[in-house]
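Structure, as structure tokens:
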Amino acid sequence: MKRLIKRLASYILVLFGLSILVFIIGRVLPGDPARQALGPRAPEATVEALKKEMNLDKPIVVQYGLWLKDAVQGDLGNSLLSRRPVTQDIIQYLPATIEIVILAGILMAVGGILLGILATKYSHTWFDGFVRVLSYLGIVAPAFVWAIIFILVFGYSLPILPTTGRLSLGIAPPPTITRMFTADYLLSGNFAGFKDAFMHLILPAISLMLGGMAQAARMTRTTMMDNSDKDYVLANKAYGVSENRTLFKYLLKPSMIPTVSVLAVDIAALFGNAFLVEQLFNYPGLSRYGMQAMLNKDLFAISGVVITLGIIVMVVNIIVDLIVTYLDPRVRLMGGSE
Amino acid sequence: MDENIVTIKDLHIGYRTFGGHVKVLNGVNLYVKPGEKVSIVGETGCGKTTTVKAILRILARQAVVTGGEIIFKGEQVLKMNKSQLQHLRGTGVSMIFQDPTSSLNPVFTIGQQMSAVIRYSGHAGATKSKIQEELAIKALQETAMPDPERILQSYPFQLSGGMRQRVSIAMALSTPREMVIADEPTTNLDVTIQDQVLRILKQRVEEKNTSLILITHSLGVARETTDRIYVMYAGNMVETAPTTELFREQYHPYTRALVDCIPRLSGGGVAEGIGGRIPNYLDPPPGCRFAPRCPKAFDRCWQEKPEYVNVGSSHQVACFLYDQSTGDE
Amino acid sequence: MSTNHASTPGITKRDRLEGLKRAWYKFSLNKMSIVGLVIVSLILILGVFQPLIAPYPEHAGAYVNFSAANQPPSSQYILGTDTVGRDILSRIFYAFRGALLMGLGVEAFIIPLGTIVGLIAGYWKEKWFSTALMRVTDIFLAVPPLVLALVVSALMRPTLFNSMMAVSIAWWPMYARMIYGMTSSMRNELFVKSAELLGASKFHILFREILPNCLGQIFTKMTLDMGWVILMGASLSFVGLGEQPPTPALGTMVSDGAKYLPDQWWIAIFPSIAIMVIILGFNFLGDGVKDMLTSEE
Numbered sequence: 000m001k002r003l004i005k006r007l008a009s010y011i012l013v014l015f016g017l018s019i020l021v022f023i024i025g026r027v028l029p030g031d032p033a034r035q036a037l038g039p040r041a042p043e044a045t046v047e048a049l050k051k052e053m054n055l056d057k058p059i060v061v062q063y064g065l066w067l068k069d070a071v072q073g074d075l076g077n078s079l080l081s082r083r084p085v086t087q088d089i090i091q092y093l094p095a096t097i098e099i100v101i102l103a104g105i106l107m108a109v110g111g112i113l114l115g116i117l118a119t120k121y122s123h124t125w126f127d128g129f130v131r132v133l134s135y136l137g138i139v140a141p142a143f144v145w146a147i148i149f150i151l152v153f154g155y156s157l158p159i160l161p162t163t164g165r166l167s168l169g170i171a172p173p174p175t176i177t178r179m180f181t182a183d184y185l186l187s188g189n190f191a192g193f194k195d196a197f198m199h200l201i202l203p204a205i206s207l208m209l210g211g212m213a214q215a216a217r218m219t220r221t222t223m224m225d226n227s228d229k230d231y232v233l234a235n236k237a238y239g240v241s242e243n244r245t246l247f248k249y250l251l252k253p254s255m256i257p258t259v260s261v262l263a264v265d266i267a268a269l270f271g272n273a274f275l276v277e278q279l280f281n282y283p284g285l286s287r288y289g290m291q292a293m294l295n296k297d298l299f300a301i302s303g304v305v306i307t308l309g310i311i312v313m314v315v316n317i318i319v320d321l322i323v324t325y326l327d328p329r330v331r332l333m334g335g336s337e
Numbered sequence: 000m001d002e003n004i005v006t007i008k009d010l011h012i013g014y015r016t017f018g019g020h021v022k023v024l025n026g027v028n029l030y031v032k033p034g035e036k037v038s039i040v041g042e043t044g045c046g047k048t049t050t051v052k053a054i055l056r057i058l059a060r061q062a063v064v065t066g067g068e069i070i071f072k073g074e075q076v077l078k079m080n081k082s083q084l085q086h087l088r089g090t091g092v093s094m095i096f097q098d099p100t101s102s103l104n105p106v107f108t109i110g111q112q113m114s115a116v117i118r119y120s121g122h123a124g125a126t127k128s129k130i131q132e133e134l135a136i137k138a139l140q141e142t143a144m145p146d147p148e149r150i151l152q153s154y155p156f157q158l159s160g161g162m163r164q165r166v167s168i169a170m171a172l173s174t175p176r177e178m179v180i181a182d183e184p185t186t187n188l189d190v191t192i193q194d195q196v197l198r199i200l201k202q203r204v205e206e207k208n209t210s211l212i213l214i215t216h217s218l219g220v221a222r223e224t225t226d227r228i229y230v231m232y233a234g235n236m237v238e239t240a241p242t243t244e245l246f247r248e249q250y251h252p253y254t255r256a257l258v259d260c261i262p263r264l265s266g267g268g269v270a271e272g273i274g275g276r277i278p279n280y281l282d283p284p285p286g287c288r289f290a291p292r293c294p295k296a297f298d299r300c301w302q303e304k305p306e307y308v309n310v311g312s313s314h315q316v317a318c319f320l321y322d323q324s325t326g327d328e
Numbered sequence: 000m001s002t003n004h005a006s007t008p009g010i011t012k013r014d015r016l017e018g019l020k021r022a023w024y025k026f027s028l029n030k031m032s033i034v035g036l037v038i039v040s041l042i043l044i045l046g047v048f049q050p051l052i053a054p055y056p057e058h059a060g061a062y063v064n065f066s067a068a069n070q071p072p073s074s075q076y077i078l079g080t081d082t083v084g085r086d087i088l089s090r091i092f093y094a095f096r097g098a099l100l101m102g103l104g105v106e107a108f109i110i111p112l113g114t115i116v117g118l119i120a121g122y123w124k125e126k127w128f129s130t131a132l133m134r135v136t137d138i139f140l141a142v143p144p145l146v147l148a149l150v151v152s153a154l155m156r157p158t159l160f161n162s163m164m165a166v167s168i169a170w171w172p173m174y175a176r177m178i179y180g181m182t183s184s185m186r187n188e189l190f191v192k193s194a195e196l197l198g199a200s201k202f203h204i205l206f207r208e209i210l211p212n213c214l215g216q217i218f219t220k221m222t223l224d225m226g227w228v229i230l231m232g233a234s235l236s237f238v239g240l241g242e243q244p245p246t247p248a249l250g251t252m253v254s255d256g257a258k259y260l261p262d263q264w265w266i267a268i269f270p271s272i273a274i275m276v277i278i279l280g281f282n283f284l285g286d287g288v289k290d291m292l293t294s295e296e
């Protein structure tokens, strides 16, 4: 518990650092955001007025202080693009991305670990080879290439899965509860809506997660094969413990630890790749919003999105930390060996 | 006819390696009677562990049995199917490994691991967690572990090496067994607690009238613990005799050299050791594998493999020095 | 691992040759490493000698020939032409240049930076500035690297050099972390302690004692990372933040081509395959380098 609080404190420190970093990048690098927002033909006076409104005329330390004062109260400034508070935009777009990433994360973790286990169980058979080829493919093809392939296949040749947006035409959006459409449809008992929203998640989620899944599968297999030479596995065999019980319990648990740690990085990377993939699927999520903000040098929106991602990555790390703690008694009882 | 717990006849085992087929066991013969405590003594790499792993059929994937048989209570171990093997491992023979740090799973409690062993023992009610716990606590008490309830909640890394090995002993004997195999159970322990662990092991098998095969490279450990000793050299059992008799008189030149290596308090000074090294298993000498190092080797030793010769009531030696036959039959 | 000075007296030319042979043997044990080496060499040759090898070298620029636009793969245009009639194969060859420059440029920047930060922070582990430096790397790693690179490159003018900077900013902390880990575990080794006792300068200890022992791992990571750095560069150009048209960049070619799916599928698919081949090549090569530099048999 004490360890967790200590961790949390250092994460918050890192978040502050991240906000400073983004601020510096935004203000130090050349480019005039106010001019960018208003277009080349706007009169100089209007540009100056906007600069004043954005505090761009003040020293950078003052700018940061003002931003931080508002930020801790939940006000991340106004977006130049949407002309709305950034916080409001994030509340609107984030749930859509979360939906995709949760689905992708689950598929990645379950699929990767399961493939790894099966490749261990059937090691040196055709199935093992099949998993190896699959993981090479997953690792080599970037998420945006998968997205293009899927759009090509499902959008045109095999139209069984939707390739754009969150909902099909003519489907009314669900009442606003969590803003995650799948969850909201379920909560309001609209199963047809749920099915439609869920179908829209599948292709983006799969194109996002294939790389991570391949990596997790390889990692799981390597660790399990290494551990299966250990004496405790042999001891299980010598005591007549059944093969499947050994594989799925006594071999799996110690072998999970490195895979889970790698999955933390992979889940964070899902958010990164979403910046390219949401765009391709025309999916109105936070990443697409962030991408638009970047291309338009929308400073407050950019810092808002980056800070939000920082918080999400932090939460993911904490969760993964808890899982590792559960899996590894050495960490739990000795306060972490590493 | 066969009242032995286990009998091994002319066992040949090799390993597939990059260099080729390594012939490790070269016709091993061994028997253990009910309640008998037997030790196998030999240098590292002579095939002791391979021999006992073969009894439980837990050899590495690369191992190939090329000949011989293993009989456990009248049944052919090498021909057992999955469920027969399961029965053998669950109720017949159990094994204590060399290093308790690696033979206990690091992420499960002692209680969870002992329960798993008991579950597959076929003991009455073995699948009920209450009975598992009772049996585990009883087994831990019998190995003189203090506070068994707490031990069950502990993870291996929370126990000392000696305690871990006592847990292994408790695990091996948590349900009745015909035989226990202990593979150098004290090698990785502090010298100060080796004795204690061996004493507990000996006491426990004696109380339960369980047979024991103890693997060790130390004649001293073998002498203290077991009734009869097998001396193994390069994949062969070169001599076997009851412990006291073996120390009184050694027939095989290798055994004699081994006994001479034991430092004595009274006189003699430092032992000379044995010249030469263990033969290359890829291309072992065709005759007696000890011949290249043997001070008394003669022509026949280089050509034929020596068989056991009786030199006492239960004292056998595989050496041509004592073979009365001409060897031309 | 013990100290190995690059120029220990007594190591003859013959020994070196022997060492090279051994290294090659270890490398070539895995056939995939050789495949990787071949792929990477090919990419290098095609990129460097594009003007001599490509069927239409001038198509790498602002060339327009609408009469040959949108042609599917044929014997004349092996991988087809794009929407303004340029040969895709020639453009891919030219894009290899940018990709390799990207990889080399980024590594030339981040390896010295990461190494110096890692050595300093690792050697003086309990000093305040070590903690500070490591906290700084934490900050850079607090968001996915791709996002950081996107932010930086979005705020700069889109050029190849600027996108190299952007990728470098996102990537250097990983090297700093790696060297930090190695240094902090190595600083208590006897060869470091004995150098300290002999009064060696800190510079000597860091760069002549510790660094040579890190080189193997640095070299392995360098090879494996080339592919990923190039991919990140392609991701930047995919959203229009890399090298600007008309200079061909793999990411730009993919995103431009994606608009013409599925009818002109070749415009997007072949550059995608080119990206995959690069990653595959460096991955295989990196595995081989790892085999070569790990000391176990």
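Residue numbers (numbering that gives the first Met the number 0), protein chains in the order written: chain S, 0 to 337; chain X, 0 to 328; chain V, 0 to 296.
We treat Cβ as the ideally placed atom computed from N, Cα and C, and that holds for glycine.
Can you check whether the C-beta of residue 82 of chain X is within less than 8 Å of a C-beta belonging to chain S? Here residue 82 of chain X refers to the residue found at position 83 when the second sequence is read from its first residue. Cβ-Cβ to chain S under 8 Å: no for residue 82 of chain X.
For residue 11 of chain X, which three-state DSSP category applies? For the purposes of this step, residue 11 of chain X is taken as the residue at position 12 of the second sequence. Look at residue 11 of chain X here: in three-state DSSP terms it is strand.
Within a Cβ cutoff of 6 Å, which residues of the same chain sit near residue 34 of chain S, ignoring the five residues on either side of it in sequence? Looking up residue 34 of chain S in the first sequence gives position 35. Cβ within range, chain order: 46.
Output the residue ranges of the beta strand (DSSP E) runs that lie fully inside the stretch 81 to 156 of chain X and measure 3 residues or longer, sorted by chain position. The qualifying runs are 92 to 95.
In chain order, which alpha helix (DSSP H) runs of at least 4 residues are fully inside the stretch 168 to 238 of chain X? 190 to 207, 218 to 224
If you measure between the beta carbons of residue 247 of chain V and residue 120 of chain V, is that distance less than 8 Å? Within the third sequence, numbered from 1, the residue matching residue 247 of chain V stands at position 248. Within the third sequence, numbered from 1, the residue matching residue 120 of chain V stands at position 121. At least 8 Å separates the beta-carbon of residue 247 of chain V from that of residue 120 of chain V.
Please report how far the alpha carbon of residue 36 of chain X lies from the alpha carbon of residue 91 of chain X, in whole angstroms. Within the second sequence, the letter at position 37 stands for residue 36 of chain X. Within the second sequence, the letter at position 92 stands for residue 91 of chain X. Each residue's alpha carbon lies about 16 Å from the other.
Counting only beta-carbon atoms, is residue 314 of chain V nearer than 8 Å to chain S? Residue 314 of chain V lies beyond the stretch modelled for chain V, which goes from 0 to 296, so this question has no answer here.
Short of 9 Å Cβ to Cβ, which residues in the stretch 15 to 47 of chain V face chain S? Taking 9 Å as the Cβ-Cβ cut-off, the stretch 15 to 47 of chain V has no residue approaching chain S.
Listing by chain order, which chain S residues have their CB less than 9 Å from the CB of residue 162 of chain V? Here residue 162 of chain V corresponds to residue number 163 of the third sequence, with the count starting at 1. What residue 162 of chain V touches in chain S: nothing, since even the nearest Cβ is about 13 Å away.
Buried or exposed, going by whether 16 or more other CB atoms sit within 10 Å of the CB of residue 245 of chain X? Here residue 245 of chain X is taken as the residue at index 246 of the second sequence, counted from 1. Residue 245 of chain X should be labelled buried.
Ordered along the chain, which non-local residues of its own chain (more than five positions away) have a Cβ less than 8 Å from that of residue 73 of chain V? For the purposes of this step, residue 73 of chain V is taken as residue 74 along the third sequence, with counting starting at 1. The residues are 79.
Sorted by chain position, which residues of the same chain lie with C-beta nearer than 6 Å to residue 235 of chain V's C-beta, five sequence neighbours on each side aside? Here the question's residue 235 of chain V lines up with position 236 in the third sequence. Result list for residue 235 of chain V: 152, 162, 241, in chain order.
Along chain V, which residues have their Cβ under 9 Å away from the Cβ of residue 296 of chain S? The count along the first sequence starts at 1 and reaches residue 296 of chain S at position 297. Simply 153, 154.
Could you give the residue range of the beta strand (DSSP E) that holds residue 38 of chain X? As a first step, residue 38 of chain X is located in the second sequence; it is residue number 39 there, counting from the start. Here the beta strand (DSSP E) through residue 38 of chain X covers 36 to 40.
Can you tell me where the alpha helix (DSSP H) holding residue 26 of chain V begins and where it ends? Within the third sequence, the letter at position 27 stands for residue 26 of chain V. Residues 12 to 27.
For a contact defined as C-beta to C-beta under 8 Å, what are the partners of residue 137 of chain V on chain S? Here residue 137 of chain V is taken as the residue at index 138 of the third sequence, counted from 1. In chain order: 9, 13, 16.
Of all the options X/16, X/21, X/53, which has the alpha carbon lying nearest to the alpha carbon of residue 9 of chain X? Walking along the second sequence from the start, residue 9 of chain X turns up at place 10. Taking residue 9 of chain X as reference, the option from X/16, X/21, X/53 with the minimal CA-CA separation is X/53.
Between the beta-carbon of residue 280 of chain V and the beta-carbon of residue 35 of chain V, is there less than 8 Å? Taking the third sequence and counting its residues from 1, one reaches residue 280 of chain V at position 281. Taking the third sequence and counting its residues from 1, one reaches residue 35 of chain V at position 36. In this structure, residue 280 of chain V lies near residue 35 of chain V, with their beta-carbon atoms less than 8 Å apart.
Starting from the Cα of residue 260 of chain V, find the closest Cα among S/147, S/73, S/5, S/52 and give me that residue. Numbered from its first residue, the third sequence carries residue 260 of chain V at position 261. Among S/147, S/73, S/5, S/52, the Cα nearest to that of residue 260 of chain V belongs to S/147.
Under 8 Å from the C-beta of residue 120 of chain V: neighbouring residues of chain S: Numbered from 1 along the third sequence, position 121 holds the residue referred to as residue 120 of chain V. For residue 120 of chain V, there are no neighbours in chain S by C-beta distance under 8 Å, as the nearest C-beta there is about 16 Å away.
Find the residues of chain V that neighbour residue 92 of chain S, judging by a C-beta separation of less than 8 Å, and give them in chain order. Indexing the first sequence from 1 puts residue 92 of chain S at position 93. Correct list: empty, because the minimum Cβ distance to chain V is about 15 Å.
Since I believe residue 180 of chain S is in contact with residue 173 of chain S (beta carbons under 8 Å), could you give me their beta-carbon distance rounded to a whole number of angstroms? Here the question's residue 173 of chain S lines up with position 174 in the first sequence. Here the question's residue 180 of chain S lines up with position 181 in the first sequence. With 8 Å as the limit, residue 173 of chain S and residue 180 of chain S qualify as a contact, their Cβ atoms being about 6 Å apart.
Within the 8 Å Cβ cut-off, does residue 172 of chain X reach chain S? As a first step, residue 172 of chain X must be located in the second sequence, where it is residue number 173. No, no contact with chain S.
Counting Cβ pairs, one atom from each stretch, are 3 or more of them under 8 Å apart for the stretch 213 to 222 of chain S and the stretch 90 to 105 of chain X? no
What residues from chain V crowd round residue 332 of chain S, counting only those whose CB sits closer than 9 Å? The sequence position of residue 332 of chain S within the first sequence is 333, counting from 1. Chain V residues near residue 332 of chain S: none, gap ~24 Å exceeds 9 Å.
Classification of residue 167 of chain X by the beta-carbon crowding that lies within 10 angstroms, buried from 16 upward: Translated into positions along the second sequence, residue 167 of chain X becomes position 168. Classification for residue 167 of chain X: buried.
Tell me whether residue 195 of chain V is buried or exposed, calling it buried when 16 or more other Cβ atoms sit within 10 Å of its Cβ. As a working mapping, residue 195 of chain V is identified with position 196 in the third sequence. The residue in question, residue 195 of chain V, is exposed, as its Cβ has fewer than 16 Cβ neighbours within 10 Å.
With a Cβ-Cβ cutoff of 8 Å, do residue 196 of chain X and residue 209 of chain X count as a contact? Taking the first residue of the second sequence as 1, we reach residue 196 of chain X at position 197. Taking the first residue of the second sequence as 1, we reach residue 209 of chain X at position 210. Result no, Cβ atoms of residue 196 of chain X and residue 209 of chain X do not sit closer than 8 Å.
Suppose contacts are defined by Cβ-Cβ distances below 8 Å. Is residue 213 of chain X in contact with residue 169 of chain X by that definition? Taking the second sequence and counting its residues from 1, one reaches residue 213 of chain X at position 214. Taking the second sequence and counting its residues from 1, one reaches residue 169 of chain X at position 170. Taking 8 Å as the Cβ cut-off, residue 213 of chain X and residue 169 of chain X do not qualify as a contacting pair.
Considering only the alpha carbon of each residue, which of V/271, V/276, V/264 lies closest to residue 69 of chain V? Taking the third sequence and counting its residues from 1, one reaches residue 69 of chain V at position 70. Ranked by Cα distance from residue 69 of chain V, the options V/271, V/276, V/264 are led by V/264.
Less than 8 Å separating the beta-carbons of residue 179 of chain X and residue 114 of chain X? Along the second sequence, one-based indexing puts residue 179 of chain X at 180. Along the second sequence, one-based indexing puts residue 114 of chain X at 115. No.
For residue 134 of chain X, count neighbouring C-beta atoms within 10 Å of its own C-beta (all shown protein chains included) and say buried if the count is 16 or more, exposed if not. Sequence index remark: in the second sequence, residue 134 of chain X carries index 135 (1-based). Residue 134 of chain X comes out buried.
Pair within 8 Å by beta-carbon distance, residue 53 of chain V and residue 92 of chain V: Working through the third sequence from its first residue, we reach residue 53 of chain V at position 54. Working through the third sequence from its first residue, we reach residue 92 of chain V at position 93. Yes, the Cβ-Cβ distance between residue 53 of chain V and residue 92 of chain V is below 8 Å.
Could you compute how far the alpha carbon of residue 15 of chain X sits from the alpha carbon of residue 258 of chain X? Counting from 1 along the second sequence, the entry for residue 15 of chain X is found at position 16. Counting from 1 along the second sequence, the entry for residue 258 of chain X is found at position 259. Roughly 34 Å between the two C-alpha positions.
Helix, strand or coil for residue 83 of chain V per DSSP? Mapped onto the third sequence, residue 83 of chain V falls at position 84. Of the three classes helix, strand and coil, the one that applies to residue 83 of chain V here is coil, per DSSP.
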